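Right, one structure below, let's go through it.
2 protein chains.
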Amino acid sequence: MLFFSKTCIYGIRAALYVASLGKQEYVPIRAISEQLNISFHFLTKILQILTQQNLMISYRGPNGGVSLAKPADQIKLIEIIEAIDGSNLFTECILGLPGCGTQSPCPIHAQWAVTRQGMQNMFENTSLAELGRQINELGLRLADT
Amino acid sequence: MLFFSKTCIYGIRAALYVASLGKQEYVPIRAISEQLNISFHFLTKILQILTQQNLMISYRGPNGGVSLAKPADQIKLIEIIEAIDGSNLFTECILGLPGCGTQSPCPIHAQWAVTRQGMQNMFENTSLAELGRQINELGLRLADT
DNA sequence: TATATTTAAGACTCTTTTATCTGAAAATAC
DNA sequence: GTATTTTCAGATAAAAGAGTCTTAAATATA
Ligand code: FES
Ligand code: FES
């Protein structure tokens, strides 16, 4: 079991890569896919989601590609996550029962609600700018090798 | 995206149900599947995993079924989770990169390691006995309705 | 021993996720 | 205008997850 879907992982990696470049220009999807070792066509479809959700801007033709739709410090990790995987992780019952809440909670709800909130706060407070900076300063990796 | 696999969710629900009964006798899988609205054959396969992992004991024939292999206060939630979904959630990189750790961390590792540890602690400290008690005392549900 | 009950085990099907492929549409450069 | 680069969109294929079905093995009881 993965925490994020593969689609979401690739989307985050791509967004972080673009953020780490800190460029004004568009970054071609092909370049991203080669740098991150992600199938070009698959990545294209994922970035289309981010574009449709107004987290990225795309441009066709020579010198085209994608870029962040806002300054990187205004894009939080949770926006990418919710755009691709939705907000299930933060709103649904961990035991899959309908209607997670204090109304008719499952046996784990009390504990899980606390843990989950901490998780959500972390993703809400982490921006692409912050992570992009660390990628550059500490030389952190975004791909296998 | 779900946090646990469906298999794991069913396994936890079944284990909690058995714990909440607090019986000495074996509980037939058919009874569990009917109470929790889970496909009998599917649940059977899931409980076989828990039996093989020595978290449950099974017995065939009339008056047979499954029961917890240890007193319910000695079975922690994390044991069920790791038996079914493995320990990926607590050990693997959230971005899917090989070898999660401080050696060659991904950009989210620092934040995630903290959050993940909190999650793991919660599952390590929660026992089936505790949850089973709450099910009975507060009338908490384990199935849809 | 015969019969009913119950788990064990494996094959099989259906659905969702992941990944690939093909062609069109848009923008640029010449 | 023509060729080139690039994203967009949809069809298709492969892999994994979820769920079903059938048969075998073990146990209890009469
Ligand atoms: S009801 Fe189950 S986690 Fe909220
Ligand atoms: S290296 Fe990515 S979470 Fe640890």
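Listed in order, the protein sequences are those of chains C and W. Residue numbers are given in numbering that gives the first Met the number 0: position 50 of the first sequence equals residue 49, and the series is strictly consecutive. Residue numbers are given in numbering that gives the first Met the number 0: position 96 of the second sequence equals residue 95, and the series is strictly consecutive. The C-beta atom is built at its ideal place from N, Cα and C for all residues, glycine as well. What you are looking at is a predicted structure, and each value in this text was computed from that prediction instead of being measured.
For residue i, which of the options has the nearest alpha-carbon?
| i | options | result |
| --- | --- | --- |
| N135 of chain W | W:Y9, W:M0, W:V17 | W:V17 |
| N36 of chain W | W:Y9, W:L67, W:L96 | W:Y9 |
| T6 of chain C | C:S38, C:P27, C:E24 | C:S38 |
| M121 of chain C | W:E123, W:Q23, W:G117 | W:G117 |
| E123 of chain W | W:K22, W:V113, W:I107, W:L76 | W:L76 |
| G21 of chain W | W:P70, W:L137, W:I80, W:S103 | W:P70 |
| T101 of chain C | W:A112, W:V113, W:L137 | W:L137 |
| Q146 of chain W | W:I80, W:S103, W:V113, W:A68 | Residue coverage of chain W in this structure runs from 0 to 144, which leaves residue 146 of chain W outside it and unanswerable. |
| F2 of chain W | W:H40, W:A112, W:S32, W:I80 | W:I80 |
| S103 of chain C | W:S103, W:P61, W:G60, W:T144 | W:T144 |
Identify the contact partners of residue i in chain W, using a Cβ-Cβ distance below 7 Å as the criterion.
| i | result |
| --- | --- |
| G117 of chain C | T114, G117 |
| I107 of chain C | L130 |
| L139 of chain C | P104, C105, P106 |
| I8 of chain C | L94, G95 |
What do you reckon, are the CB atoms on residue i and residue j nearer than 8 Å?
| i | j | result |
| --- | --- | --- |
| D84 of chain W | S19 of chain W | no |
| D72 of chain W | A128 of chain W | yes |
| L94 of chain W | R115 of chain C | no |
| S57 of chain W | V26 of chain W | no |
| L46 of chain W | I28 of chain W | yes |
| N87 of chain W | M0 of chain C | yes |
| T125 of chain W | Q51 of chain C | no |
| A82 of chain W | L42 of chain W | no |
Given that residue i touches chain C, what residues does it touch there, using C-beta distances under 7 Å?
| i | result |
| --- | --- |
| Q110 of chain W | M121, T125 |
| I11 of chain W | L94 |
| L15 of chain W | P106 |
Quick one: list the residues of chain C neighbouring residue i, beta-carbon separation under 9 Å, in chain order.
| i | result |
| --- | --- |
| L49 of chain W | Residues of chain C passing the Cβ test: none, with the nearest at roughly 16 Å. |
| L46 of chain W | Neighbours of L46 of chain W on chain C: none; closest Cβ ~16 Å, over 9 Å. |
| P145 of chain W | Coverage of chain W is limited to positions 0 through 144, which leaves residue 145 of chain W absent and any answer about it impossible. |
| N155 of chain W | Because chain W spans 0 through 144 in this model, residue 155 of chain W falls outside it and cannot be assessed. |
Which residues in the same chain have their Cβ closer than 7 Å to the Cβ of residue i, if we skip the five residues on either side of it in sequence?
| i | result |
| --- | --- |
| L139 of chain W | Q133 |
| E78 of chain C | L54 |
| I107 of chain C | I93, L94 |
Using a Cβ cut-off of 9 Å, pull out every chain W residue sitting near residue i, in sequence order please.
| i | result |
| --- | --- |
| D84 of chain C | M0 |
| Q133 of chain C | P106, A109 |
Since residue i meets chain C, which of its residues come closer than 8 Å, beta carbon to beta carbon?
| i | result |
| --- | --- |
| G100 of chain W | Result: empty, since nearest Cβ-Cβ is about 12 Å, beyond 8 Å. |
| S4 of chain W | M0 |
Can you list, in chain order, the residues of its chain whose CB lies under 6 Å from that of residue i, leaving out five sequence neighbours each side?
| i | result |
| --- | --- |
| L130 of chain C | L15 |
| Q119 of chain W | F89 |
| S32 of chain W | F39, L42 |
Identify, in the order they occur along the chain, each residue of the same chain with its Cβ nearer than 8 Å to the Cβ of residue i, setting aside the five sequence neighbours on each side.
| i | result |
| --- | --- |
| G63 of chain C | Y25, P27, S57 |
| Q34 of chain W | Y16, L141, A142 |
| G98 of chain W | C92 |
| C105 of chain C | C92, I93, L94, L96, C99 |
| K44 of chain W | none |
(request) Ignoring anything shorter than 3 residues or poking outside the stretch 21-96 of chain C, list the beta strand (DSSP E) runs there in chain order. (result) Those beta strand (DSSP E) runs which fall completely within the stretch 21-96 of chain C and span 3+ residues are 55-58, 64-67.
(message) Quick check on the DSSP output: what are the complete alpha helix (DSSP H) runs of length 4 or more inside the stretch 94-141 of chain W, in order along the chain?
(response) Restricting attention to alpha helix (DSSP H) runs no shorter than 4 residues, the stretch 94-141 of chain W encloses them at 108-124, 127-137, ordered along the chain.
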